[in-house]
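Quick note: the sequence shown uses the numbering used here, first residue 1, plus one each step.
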Amino acid sequence: MSRPVLTVGPDEPLAGAAAKMVDRKVGSVVVVDQGAPVGILTERDLLRWAATGTTDGGLVTDWMTADPHTVGSHVEVVEAWRTLSEKGYRHIPVVDGGELVGIVTMRDLVRIAQIQSMAHPSQVEVPKGLDGVVVAETAVGHVRGLEGFYHYRQYNAIELCEKRTLEDVWHLLFEGELPTPEQRRAFVDELLPLRAIPDDVRPLLPDLARAGAHPGPLDGLRSATSAVAQALDLRPSMDLDRTLLRADAMRICAVVPTLIMALHRLRQGQQPVEPHPELGYSANYLYMRTGEVPDPSHARAIEKYQISTIDHGFNASTFTARVVTSTGADLGSAVVAAIGALSGPLHGGAPSRALDMLDAIGTPDRTEAWVRQAVASGARIMGFGHRVYKTDDPRSVMLRGVAEELGGDKYAFARQVEATVVDVLAELKPGRNLYANVEFYAGVVMDRCGLPGTLFTPTFASSRVIGWCANALEQAADNRIIRPSARYVGPPPPQPVPV
Ligand SMILES: CC(C)(COP(=O)(O)OP(=O)(O)OC[C@H]1O[C@@H](n2cnc3c(N)ncnc32)[C@H](O)[C@@H]1OP(=O)(O)O)[C@@H](O)C(=O)NCCC(=O)NCCS
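And the structure:
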């Protein structure tokens with residue numbers, strides 16, 4: 001605080017008080033009566049007086065703000081700053097036992113900020129990884145981790161997997177309701193032509209497919225989606241109404257599966273297969289890999305997987321899509337950024353690693369020793385553990401059933417490995433509640449349906465893009481730029497700059 005404080009009595013002439021302020025070069029004067037502050041006179045009050053056009057202003061008491069807000073001399077400086085910023089004041093008298101002892105002004109606080117950082121009044125400490133922090137409101141869906149339950153809008157997501165088609169669930173996420181038969185026909189008619197890759201992008205795909213000796217699972221898709229967004233001239237979401245932004249979202253969601261399979265075939269030295277106009281979303285997805293209409297049980301198994309991965313609360317890639325949308329950027333940018341977030345092994349890049357683990361273990365008799373050794377060496381067992389689920393992941397339970405229906409050697413082995421990993425983790429990582437997550441059986445199911453490991457993460461992305469876009473539409477409809485803060489922990493500034 002500053003002291004001594006410039007003071008005047010309430011019955012002094014206003015002109016005299018103004019002269020003192022000019023003389024001392026201060027923006028306020030505290031009005032005291034028997035040592036206690038009874039008012040404050042600021043430049044704002046003098047402006048009000050000047051606006052009257054008179055030279056005789058009367059007395060200080062006529063113009064001052066009576067009973068000014070004060071702070072005690074022992075309060076934290078942050079408290080004083082909070083009062084200044086919340087109330088819009090520029091000066092606050094400091095009192096001790098009712099006596100005026102100083103004044104805190106914006107000038108003092110700017111000076112202090114050079115030495116000691118002051119937290120913004122609304123700044124709160126949050127747990128690492130934003131664990132459990134609510135950062136938005138959403139009506140798209142939600143995960144209840146302790147109950148092992150998640151939902152899309154008001155429906156149990158697993159029940160949707162069992163009872164509806166992917167197109168129905170897509171309609172639910174975009175339009176807020178499951179479609180009637182007529183709405184379903186209209187929706188499918190709308191999206192069929194949108195599956196085609198834009199002409200400007202087709203010639204780019206062979207190079208994108210071949211680039212890099214060891215491309216990551218989503219590298220080609222990330223670049224190709226960016227090219228589509230550019231070729232379609234997608235405009236900033238900030239400049240679009242919901243109808244136009246929804247049209248962009250439909251286009252991107254419809255073309256992503258086609259891009260995935262075109263890139264896959266081109267990398268294998270094969271020509272892309274055009275989408276099949278008669279096939280549903282997942283059957284067409286498998287068809288575009290081989291050019292043959294797939295076994296219906298395989299198409300349905302993949303459809304259940306793809307529905308189960310459309311959305312899942314504020315996971316890292318969905319949050320990324322919302323952050324990018326919150327800047328007003330175009331939908332393509334939001335999806336490209338989300339693809340990048342999904343590509344990490346801690347998020348979507350794990351299903352092929354989970355299957356690789358089965359291959360690495362080799363035989364059931366080796367499982368326990370392998371898992372113990374891996375955990376002891378500090379490695380993560382891929383396909384296990386989840387930020388939100390502290391019980392069975394409902395997607396893993398559903399996919400375990402799908403894998404069982406499909407049968408095959410890997411299923412029985414996967415069951416044995418799952419049981420062993422859960423037991424070993426319970427023993428070596430007690431209290432962490434680690435169970436199989438979506439990725440563990442996803443690999444087994446996709447493998448059984450003929451998809452190679454290189455397509456596991458892209459298949460995750462093929463339907464998650466619908467969730468990203470539903471979230472982007474919601475974000476754009478009620479937007480404020482997402483711009484949190486960080487705590488600075490480097491050397492204290494300002495250090496002298498070396499010349
Ligand atoms: C999904 C995942 C990233 C969640 O991470 P998180 O919520 O930040 O959990 P943490 O990293 O804080 O882990 C908590 C504890 O459990 C342990 N743990 C978590 N998952 C584990 C796993 N799969 N294998 C071994 N230990 C694991 C951690 O080592 C940590 O132990 P510590 O307390 O001794 O340090 C994490 O479980 C993981 O890495 N799983 C493997 C990758 C995977 O399957 N990803 C797909 C997710 S859908």
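We treat Cβ as the ideally placed atom computed from N, Cα and C, and that holds for glycine.
* For residue 445, does the three-state DSSP call read helix, strand or coil? -> As a working note, residue 445 is residue 445 in the sequence shown. Residue 445 falls in the helix class under three-state DSSP.
* Name the one or two DSSP bridge partners that residue 94 has. => Counting from 1 along the sequence shown, the entry for residue 94 is found at position 94. DSSP output for residue 94 lists 71 and 102 as bridge partner(s).
* To do: Could you say if the segment 410-430 and the segment 456-465 meet the contact criterion of at least three C-beta pairs nearer than 8 Å?
  => Not touching, per the Cβ criterion.
* Asked: Rounded C-beta distance between residue 224 and residue 205? I'm assuming under 8 Å.
  -> Counting from 1 along the sequence shown, the entry for residue 224 is found at position 224. Counting from 1 along the sequence shown, the entry for residue 205 is found at position 205. Right, the Cβ-Cβ distance comes to about 6 Å (below 8 Å), so this counts as a contact.
* **Inter-residue Cα distance where the pair is residue 385 and residue 499** => As a position in the sequence shown, residue 385 is number 385, starting the count at 1. As a position in the sequence shown, residue 499 is number 499, starting the count at 1. Roughly 52 Å between the two C-alpha positions.
* Roughly how many angstroms separate the alpha carbons of residue 239 and residue 328, rounded to a whole number? -> By one-based count along the sequence shown, residue 239 stands at place 239. By one-based count along the sequence shown, residue 328 stands at place 328. For residue 239 and residue 328, the distance between alpha carbons rounds to 8 Å.
* **Closer than 7 Å: residue 382 CB and nearest ligand 1 heavy atom** => Position 382 of the sequence shown, counting from 1, holds the residue named residue 382. Residue 382: yes, Cβ under 7 Å from ligand 1.
* On the premise that residue 173 lies in contact with residue 467, defined as a C-beta separation below 8 Å, what is that separation, rounded to the nearest angstrom? -> Locating residue 467 in the sequence shown gives position 467, counting from the first residue. Locating residue 173 in the sequence shown gives position 173, counting from the first residue. By a beta-carbon distance limit of 8 Å, residue 467 contacts residue 173. Their separation comes to about 7 Å.
* Just the Cα atoms here: how many angstroms apart are residue 41 and residue 56? -> Along the sequence shown, read from residue 1 onward, the residue named residue 41 stands at position 41. Along the sequence shown, read from residue 1 onward, the residue named residue 56 stands at position 56. Their backbone Cα atoms lie some 16 Å apart in a straight line.
* Identify whether residue 384 lies in helix, strand or coil by the three-state DSSP scheme. => Here residue 384 refers to the residue found at position 384 of the sequence shown. In this structure, residue 384 counts as strand in the three-state DSSP scheme.
* Does the beta-carbon of residue 325 have 16 or more other beta-carbons within 10 angstroms, so that it is buried, or is it exposed? -> The residue you call residue 325 lines up with position 325 of the sequence shown. Residue 325 should be labelled buried.
* Closest to residue 217 by CA distance: which of 160, 452 and 488 is it? -> Numbered from 1 along the sequence shown, position 217 holds the residue referred to as residue 217. Just measuring C-alpha positions, the residue of 160, 452 and 488 sitting nearest residue 217 is 452.
* Asked: Would you call residue 488 buried or exposed, if buried means 16 or more other Cβ atoms sit within 10 Å of its Cβ?
  -> By one-based count along the sequence shown, residue 488 stands at place 488. Using a 10 angstroms sphere on the CB of residue 488, the tally of other CB atoms stays under 16, which defines it as exposed.
* What residue from 167, 292 and 332 has the CA that sits closest to residue 252's CA? -> By one-based count along the sequence shown, residue 252 stands at place 252. Residue 332 is the option with its Cα nearest to residue 252.
* Would you check whether ligand 1 has a heavy atom nearer than 7 Å to the C-beta of residue 284? => What you label residue 284 is simply residue 284 of the sequence shown in a count that begins at 1. No, the Cβ of residue 284 stays beyond 7 Å of every heavy atom of ligand 1.
* Asked: Using DSSP with H/G/I as helix, E/B as strand and the rest coil, what is residue 40?
  -> For this step, residue 40 is matched to residue 40 along the sequence shown. The answer is strand: DSSP assigns residue 40 an E or B state.
* Name, in chain order, the residues that DSSP records as bridge partners for residue 29. => As a first step, residue 29 must be located in the sequence shown, where it is residue number 29. In DSSP, residue 29 forms a bridge with 41.
* To do: Starting from the Cα of residue 189, find the closest Cα among 345, 278, 210 and 125 and give me that residue.
  => Position 189 of the sequence shown holds residue 189. Checked all of 345, 278, 210 and 125; the closest Cα to residue 189 is 278.
* Is residue 390 near ligand 1, judged by its Cβ being under 7 Å from some heavy atom? -> The residue labelled residue 390 in the question sits at position 390 within the sequence shown. Because no heavy atom of ligand 1 lies under 7 Å away, the Cβ of residue 390 does not count as near it: no.
* Would you give the residue range spanned by the alpha helix (DSSP H) that residue 143 belongs to? => Locating residue 143 in the sequence shown gives position 143, counting from the first residue. Not the alpha helix (DSSP H): residue 143 falls in the beta strand (DSSP E), residues 141-144.
* Asked: Using the C-alpha atoms, what's the distance from residue 8 back to residue 99?
  -> For the purposes of this step, residue 99 is taken as residue 99 along the sequence shown, with counting starting at 1. For the purposes of this step, residue 8 is taken as residue 8 along the sequence shown, with counting starting at 1. Approximately 14 Å, taken between the alpha carbons.
* Asked: Among all the DSSP beta bridges, which residues are the ones paired with residue 294?
  -> Looking up residue 294 in the sequence shown gives position 294. In the DSSP output, where bridge partners are listed per residue, residue 294 has none listed.
* Just reading off the beta strand (DSSP E) that residue 314 is part of, what are its end residues? -> To locate residue 314, count along the sequence shown from 1; it is residue 314. No beta strand (DSSP E) holds residue 314; DSSP gives it neither H nor E.
* Asked: Is residue 438 near ligand 1, going by C-beta to nearest heavy atom under 7 Å?
  -> Here residue 438 is taken as the residue at index 438 of the sequence shown, counted from 1. Answer for residue 438: yes, Cβ within range of ligand 1.
* Between the beta-carbon of residue 37 and the beta-carbon of residue 104, is there less than 8 Å? -> Mapped onto the sequence shown, residue 37 falls at position 37. Mapped onto the sequence shown, residue 104 falls at position 104. Between residue 37 and residue 104, the C-beta gap is not smaller than 8 Å, which leaves the two residues out of contact.
* Asked: With a cut-off of 8 Å, do at least 3 Cβ pairs link the segment 124-135 to the segment 360-380?
  -> Too few Cβ pairs lie closer than 8 Å, so no.
* To do: Give the secondary structure of residue 394 by DSSP, where H, G and I count as helix, E and B as strand, and everything else as coil.
  => Mapped onto the sequence shown, residue 394 falls at position 394. Residue 394: helix per DSSP, three-state reduction.
* To do: Look at the alpha carbon of residue 145 and the alpha carbon of residue 321, and state the distance between them as a whole number of angstroms.
  => Your numbering for residue 145 matches position 145 in the sequence shown. Your numbering for residue 321 matches position 321 in the sequence shown. The alpha-carbon atoms of residue 145 and residue 321 are separated by roughly 22 Å.
* Asked: Nearest to residue 62 by alpha carbon, out of 437, 432, 12 and 1?
  -> Counted from its first residue, the sequence shown places residue 62 at position 62. In terms of Cα proximity to residue 62, the closest of 437, 432, 12 and 1 is 12.
* To do: In the DSSP assignment, find the unbroken alpha helix (DSSP H) run with residue 411 in it and report its ends.
  => As a working mapping, residue 411 is identified with position 411 in the sequence shown. For residue 411, the enclosing alpha helix (DSSP H) begins and ends at 409-428.
* Mind reading off the beta-carbon distance from residue 301 to residue 424? Whole number of angstroms is fine, and I expect it under 8 Å. => Translated into positions along the sequence shown, residue 301 becomes position 301. Translated into positions along the sequence shown, residue 424 becomes position 424. At roughly 29 Å, the Cβ-Cβ gap does not stay under 8 Å, so residue 301 and residue 424 are not in contact.
* Asked: With C-beta atoms as the reference, is residue 310 less than 8 Å away from residue 463?
  -> As a working mapping, residue 310 is identified with position 310 in the sequence shown. As a working mapping, residue 463 is identified with position 463 in the sequence shown. Going by C-beta atoms, residue 310 is nearer than 8 Å to residue 463.
* Asked: The beta strand (DSSP E) spanning residue 264 covers which residue range?
  -> Counting from 1 along the sequence shown, the entry for residue 264 is found at position 264. No beta strand (DSSP E) contains residue 264, which is instead part of the alpha helix (DSSP H) from 242-267.
* To do: Check whether the Cβ of residue 69 sits closer than 7 Å to any heavy atom of ligand 1, and report yes or no.
  => The sequence position of residue 69 within the sequence shown is 69, counting from 1. For residue 69, the shortest separation between its Cβ and any heavy atom of ligand 1 does not lie below 7 Å.
* Rounded to whole angstroms, how far is the Cβ of residue 228 from the Cβ of residue 255, which I believe are closer than 8 Å? -> Taking the first residue of the sequence shown as position 1, residue 228 is located at position 228. Taking the first residue of the sequence shown as position 1, residue 255 is located at position 255. With a contact defined as Cβ atoms closer than 8 Å, residue 228 and residue 255 qualify at about 6 Å.
* **DSSP-derived helix/strand/coil call for residue 287** => Looking up residue 287 in the sequence shown gives position 287. Reduced to three states, the DSSP call for residue 287 is helix.
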